[in-house]
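Input: a single structure, listed below in structure tokens.
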Amino acid sequence: MPTPRLRTVFVAALLALAGAPLGACGDKPVAEPSAPAVATSAADAGGMAALTAAAKKEGALNTIALPSDWANYGALIDGFEKKYGIKVAVENPDGTSQDEINALKEHRRDGRAPDAIDVGDSFAQSAARQGLLAPYEVAAFDRIPEDQKDRRARWANNYGGYISIGCDAKRVKTCPSTFADLRKPEYKGQVSLNGDPTKSGSAFAGVYAAALANGGSFDNIQPGIDFFAELSKNGNFIPIESSPETIAKGRTPISIDWDFLNLEYADQFRKQGADVDWRTAIPFDGSFAEYYASGVNRDAPHPAAARLWQEYLFSPEGQNLRLAAYARPVLMEAMAQDGTLDKAAAENLPTVEGTPTFPTEGQREKARETVNRNWTKDVTG
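Counting with mature numbering (1 follows the signal peptide of the UniProt record, and there is no 0), you get residues -23 to -1, 1 to 358 for the letters of the sequence shown.
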């Protein structure tokens, strides 16, 4: 079990004593719970019951860039709305991580800003450095691995996966399984990414994975840019953002994307009876894992709902809903230990070799700067 945080215990003790009579030694009045807008934990807001009541009073939650078929956001939003009676609005569902950061800035004071964000962790680190996120520790904060959260609790990773290669076996005679395969002439006009890597976390990760497969490292993403420049020059890479729609229409028969998305797309196509045989391979020559981070807007229009949403995302219910859509919950190991993990869903995850490693914040930032500087010039310019 995690060691309790002294601050949380201290606040809880104060709240428990709130109704006690003053002693003969001139006891000081007990501090009131913090307002939701500045609360750094549920205990700081007066406890989960008080936070929930405040969120229900607000009655709404603003979100952005949460497509229903991404890491089970459809089920998560439905579950949150049914559990708390709070209406969730999703602006620009197909937006990018950069769109989310832009929205925090552009709508900072007008009530239209997202209350919380879901972005690639390199984007979360950037948002934190810009002072856009509020410190908030969910109840499970101590159980989140140290390398998956901000030490000041401005963001924490919630779920993740591995970069994979999706392929429509009905349109591609032999599906590729490695980055090296993608160089073959038979894949001309077929290889895509899920977006622009200067704006999209998933596309950025695809470039990072390609770098690892081509002599690069966490310190050197340029070989990944060079790889796509080569594919673009020989006609294999096409600058079309892949999606279930482009896949179904045959426009992007090969897509480099997260394994949880490619696996979920396969399920969708089967259920719809679509003329698509979507298969997923995790390339051994460019194994790259990354997580997506959640954070609270410092100027959230609905500060209590924003914090309650975080609690839901990091609860066993929220984490198992991620797992049901093949996304790897950040609390997976902790939940396996305490018996709250959905074991059947966990068994559906693709097998990967070795223990994933992750670039540091400095390495990610350097890589982002390189991609922002060179992608358009080298690949799509």
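Positions of the beta carbon are idealized from the N, C-alpha and C atoms, including for glycine.
Rounded straight-line distance, which links the Cα of residue 138 to that of residue 113:
Along the sequence shown, one-based indexing puts residue 113 at 136. Along the sequence shown, one-based indexing puts residue 138 at 161. Straight-line spacing of the CA atoms in residue 113 and residue 138 works out to 24 Å.
By alpha-carbon positions, which one of 276, 269 and 55 ends up nearest to residue 127?
The residue given as residue 127 occupies position 150 in the sequence shown. Put simply, of 276, 269 and 55 the residue whose alpha carbon is nearest the alpha carbon of residue 127 is 269.
When you compare the segment 200 to 207 with the segment 221 to 229, are there three or more beta-carbon pairs, one atom per stretch, that lie closer than 8 Å?
With a cut-off of 8 Å, the segment 221 to 229 and the segment 200 to 207 do not count as touching, because too few Cβ pairs lie within range.
As assigned by DSSP and simplified to three states, the class of residue 433
Residue 433 lies beyond the range of the chain shown here (-23 to 358); nothing can be said about it.
Would you say residue 39 and residue 66 are within 7 Å of each other, going by their C-beta atoms?
Residue 39 sits at position 62 when you count from the first residue of the sequence shown. Residue 66 sits at position 89 when you count from the first residue of the sequence shown. Closer than 7 Å, so yes.
To the nearest angstrom, how far is it from the Cα of residue 122 to the Cα of residue 182?
For the purposes of this step, residue 122 is taken as residue 145 along the sequence shown, with counting starting at 1. For the purposes of this step, residue 182 is taken as residue 205 along the sequence shown, with counting starting at 1. If you take the alpha carbons of residue 122 and residue 182, they lie about 21 Å apart.
Return yes when the Cβ of residue 85 is within less than 7 Å of the Cβ of residue 276, no when it is not.
Taking the first residue of the sequence shown as 1, we reach residue 276 at position 299. Taking the first residue of the sequence shown as 1, we reach residue 85 at position 108. The beta carbons of residue 276 and residue 85 sit closer together than 7 Å.
Take the Cβ of residue 216 as the centre, count every other Cβ of all protein chains shown within 10 Å, and call the residue buried at 16 or more, exposed below.
Taking the first residue of the sequence shown as 1, we reach residue 216 at position 239. When all chains shown are included, residue 216 counts as exposed.
Compare the beta carbon distance of residue 331 and residue 255 with 7 Å and say whether it is the shorter of the two.
If you number the sequence shown from 1, residue 331 lands on position 354. If you number the sequence shown from 1, residue 255 lands on position 278. Cβ atoms of residue 331 and residue 255: not closer than 7 Å.
With DSSP collapsed to three states, give me the class of residue 1.
Here residue 1 refers to the residue found at position 24 when the sequence shown is read from its first residue. Any reading at residue 1 is ruled out, since the residue's pLDDT is 41, under 50, leaving its predicted position unreliable.
Pair within 7 Å by beta-carbon distance, residue 154 and residue 345:
The sequence position of residue 154 within the sequence shown is 177, counting from 1. The sequence position of residue 345 within the sequence shown is 368, counting from 1. Their beta carbons are not under 7 Å apart, which means residue 154 does not touch residue 345 by this criterion.
Just grab the DSSP bridge partners of residue 344 for me.
Taking the first residue of the sequence shown as 1, we reach residue 344 at position 367. When DSSP reads this structure, residue 344 sits in no beta bridge, so it has no partner.
Would you say the segment 336 to 356 touches the segment 173 to 189, given that touching needs at least three Cβ pairs under 8 Å?
The segment 336 to 356, when compared against the segment 173 to 189, does touch it at the 8 Å Cβ threshold.
How would you label residue 25, buried or exposed, when you count the other beta carbons within 10 angstroms and need 16 or more for buried?
As a working note, residue 25 is residue 48 in the sequence shown. Of the residues assessed, residue 25 falls on the exposed side of the cut-off, its CB having fewer than 16 other CB atoms within 10 angstroms.
Close-in-space but distant-in-sequence residues of the same chain around residue 208 (CB under 8 Å, 5 per side omitted):
The residue labelled residue 208 in the question sits at position 231 within the sequence shown. In its chain, beyond the 5 residues on either side, 159, 160, 168 and 214 have a beta carbon closer than 8 Å to the beta carbon of residue 208.
For a quick check, are the C-beta atoms of residue 118 and residue 289 less than 7 Å apart?
For the purposes of this step, residue 118 is identified with residue 141 of the sequence shown, where counting begins at 1. For the purposes of this step, residue 289 is identified with residue 312 of the sequence shown, where counting begins at 1. Contact flag unset, no.
Excluding the 5 residues preceding and the 5 following residue -3 in the sequence, name in chain order all residues of the same chain whose CB lies nearer than 8 Å to its CB.
Sequence index remark: in the sequence shown, residue -3 carries index 21 (1-based). The pLDDT assigned to residue -3 is 39, lower than 50, so where the model puts this residue is not dependable; a value taken from the coordinates is nonetheless given after this. Result list for residue -3: empty, nothing under 8 Å.
Closest to residue 322 by CA distance: which of 340, 297, 328 and 315 is it?
Counting from one through the sequence shown, the residue named residue 322 turns up at place 345. Just measuring C-alpha positions, the residue of 340, 297, 328 and 315 sitting nearest residue 322 is 297.
With distances taken from CA atoms, which of 52, 263 and 164 is nearest residue 156?
Within the sequence shown, residue 156 is the residue found at index 179, counting from 1. Proximity to residue 156 across 52, 263 and 164 peaks at 263, based on C-alpha coordinates.
Where do the N-terminal and C-terminal ends of the alpha helix (DSSP H) with residue 360 fall, by residue?
Only positions -23 to 358 of the chain appear in the structure, and residue 360 is not among them; the question remains open.
Determine, using beta carbons only, whether residue 382 and residue 307 come nearer to each other than 7 Å.
The chain is shown only over -23 to 358; residue 382 falls outside these bounds and no answer can be derived.
What separation, rounded to the nearest whole angstrom, lies between the Cα atoms of residue 192 and residue 103?
Taking the sequence shown and counting its residues from 1, the one referred to as residue 192 is at position 215. Taking the sequence shown and counting its residues from 1, the one referred to as residue 103 is at position 126. If you take the alpha carbons of residue 192 and residue 103, they lie about 27 Å apart.
contact_flag[the segment 272 to 286, the segment 75 to 95] where n(CB pairs < 8 Å) is 3 or more:
Yes, the segment 272 to 286 touches the segment 75 to 95.
Return the CA-CA distance between residue 299 and residue 324, expressed in angstroms with no decimal places.
Taking the first residue of the sequence shown as position 1, residue 299 is located at position 322. Taking the first residue of the sequence shown as position 1, residue 324 is located at position 347. Annotation: residue 299 to residue 324 spans about 14 Å, alpha carbon to alpha carbon.
Reducing DSSP to helix, strand and coil, say where residue 286 ends up.
Indexing the sequence shown from 1 puts residue 286 at position 309. In the three-state reduction of the DSSP assignment, residue 286 falls in the helix class, which pools H, G and I.
Helix, strand or coil: which one does DSSP assign to residue 164?
Looking up residue 164 in the sequence shown gives position 187. Correct three-state label for residue 164: helix.
Quick one: grab the DSSP three-state call for residue 67.
The sequence position of residue 67 within the sequence shown is 90, counting from 1. Looking at residue 67 - three-state DSSP - the assignment turns out to be strand.
Taking the alpha-carbon positions, what's the residue 46 to residue 238 distance?
As a first step, residue 46 must be located in the sequence shown, where it is residue number 69. As a first step, residue 238 must be located in the sequence shown, where it is residue number 261. Taking the straight line from one Cα to the other gives about 8 Å.
Measure the C-alpha to C-alpha separation of residue 44 and residue 291 and round it to an integer number of angstroms.
The sequence position of residue 44 within the sequence shown is 67, counting from 1. The sequence position of residue 291 within the sequence shown is 314, counting from 1. When rounded, the distance between both Cα atoms is 19 Å.
Under a Cβ-count criterion, where at least 16 other Cβ atoms within 10 Å of its own Cβ denotes burial, should residue 35 be classed as buried or exposed?
Numbered from 1 along the sequence shown, position 58 holds the residue referred to as residue 35. Under this definition residue 35 is a buried residue.
Using only CA atoms, which one of 78, 135, 251 and 97 lies nearest to residue 108?
The count along the sequence shown starts at 1 and reaches residue 108 at position 131. Answer by Cα proximity: 78.
Going by DSSP, which residues form a beta bridge with residue 34?
As a working mapping, residue 34 is identified with position 57 in the sequence shown. Residue pairing of residue 34 in beta bridges, as defined by DSSP: absent, with no partner found.
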